[in-house]
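Just add 4 to the spot in the sequence shown (first one is 1) and you have our numbering. Some notes on the structure that comes next.
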Amino acid sequence: MNLCVPNHMAIIMDGNGRWGKRRGLTRSQGHYAGAQAMEKIIDASIELGIKILTLYAFSSENWSRPKDEVNYLMDLPVKFFKKKLPGFMKRNIKINITGNIAELPEHTKKVLIESVDKTKNNRGIIVNFAFNYGGRDDILQAVQKVIHEVQNKHIDLCNVDEQLLEHYLYTKQLPDPELIIRTGGEKRISNFLLWQCSNSELYFSDIYFPDFNGELLKQVIYDTQRKHSIAE
5 MNLCVPNHMA IIMDGNGRWG KRRGLTRSQG HYAGAQAMEK IIDASIELGI KILTLYAFSS
65 ENWSRPKDEV NYLMDLPVKF FKKKLPGFMK RNIKINITGN IAELPEHTKK VLIESVDKTK
125 NNRGIIVNFA FNYGGRDDIL QAVQKVIHEV QNKHIDLCNV DEQLLEHYLY TKQLPDPELI
185 IRTGGEKRIS NFLLWQCSNS ELYFSDIYFP DFNGELLKQV IYDTQRKHSI AE
């Protein structure tokens, strides 16, 4: 299978909680299984030669979930990075965080910042975790920053364009994703990368994320590539 892989791929990792419930487990156990699947997808992305992988780990809407589930999701990055960071360093993986981390619990925020700092000089795949991220919030905070710059006469209003606004988005250092995959059966974007997805290929899979693996990822890329070949 000859694959033309995207430079930047993003995944909405949906279905963890439902995966757990269908197996008589808790939603939190489903999230743990999702974390295990996440590492497999990172490995597969490295193997395929993808340069940037964005993973929708926690949305700004997820705060409305039950308190015990939210608490677990805040603790999960601490356990995940403490265990996996040495391996990420060996494999030259660079960690990036997209989202409003200022609102996170201190222990969660600390481990995310430390992971970014420790891997900042790595030159392999960029794994960008969207954590406490919302697309509308992303655009809003960028607009607010631009207004502040204009009011303080650091920017002339006539120079405000798309390229300038993008400089103030959470993803300012990353190109837009060519492919966005959503697992779990839902066919919606759920406030994810609203500005950045304007030209992205969207692929919706019925597979719950804990069951999503490298072979399925290759199939998704092949399917999208084949669709474009037929269209041409």
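Think of the CB as a built atom: it goes at the ideal place given N, C-alpha and C, for glycine as much as any other residue.
For S64, the three-state secondary structure derived from DSSP is helix. The region 203-211 and the region 173-193 touch, with no fewer than 3 CB-CB distances between them shorter than 8 Å. For V150, same chain residues with a beta-carbon under 8 Å away, outside a window of 5 residues either side, are I159, V164, L168, L169 and Y172 in chain order. One thing to note: N125 has its Cβ no nearer than 8 Å to the Cβ of I97.
Nearest neighbour of Q40 by Cα position, chosen from V9, P10, I16 and F84, turns out to be F84. By the beta-carbon neighbour count (other beta carbons within 10 angstroms, threshold 16), I117 is exposed.
Across the set R22, K55, G139 and K25, the C-alpha of K55 shows the shortest separation from the C-alpha of N11. Taking 8 Å as the cut-off, the Cβ atoms of A14 and T58 count as close. When DSSP states are grouped into helix, strand and coil, F92 belongs to the helix group. Residues T58, N100 and T102 of the same chain have their beta carbon placed closer than 6 Å to that of N132, with the five preceding and five following residues left out of the count.
DSSP places I54 outside both helix and strand once states are collapsed to three, so it counts as coil. Annotation: E107 is outside any beta strand (DSSP E) and is labelled neither H nor E by DSSP. Inclusion of F62 and L52 in the CB contact set at 8 Å is not warranted, their separation being larger than that value. A distance below 8 Å between beta-carbons, with the five flanking residues on each side excluded, links V154 to the following residues of its chain, in chain order: D160, L161 and V164.
Check the Cα spacing between P214 and each of L7, T30 and Y36: the tightest is with Y36.
Ranking Q148, T123 and D72 by CA distance to the CA of P90 puts T123 first. With respect to N136, L108 sits close: the two C-beta atoms are nearer than 8 Å. Ranked by how close their Cα comes to the Cα of T228, the residues Q200, N195 and E182 have E182 in first place. Note: V131 is bridge-paired with L57 and I99 in the DSSP secondary-structure output. Note that the C-beta distance between L221 and A48 is below 8 Å. A straight line joining the alpha-carbon of S194 with that of D142 spans about 13 Å. The beta carbon of D180 lies closer than 6 Å to those of Q200 in the same chain, with the five residues before and after it left out.
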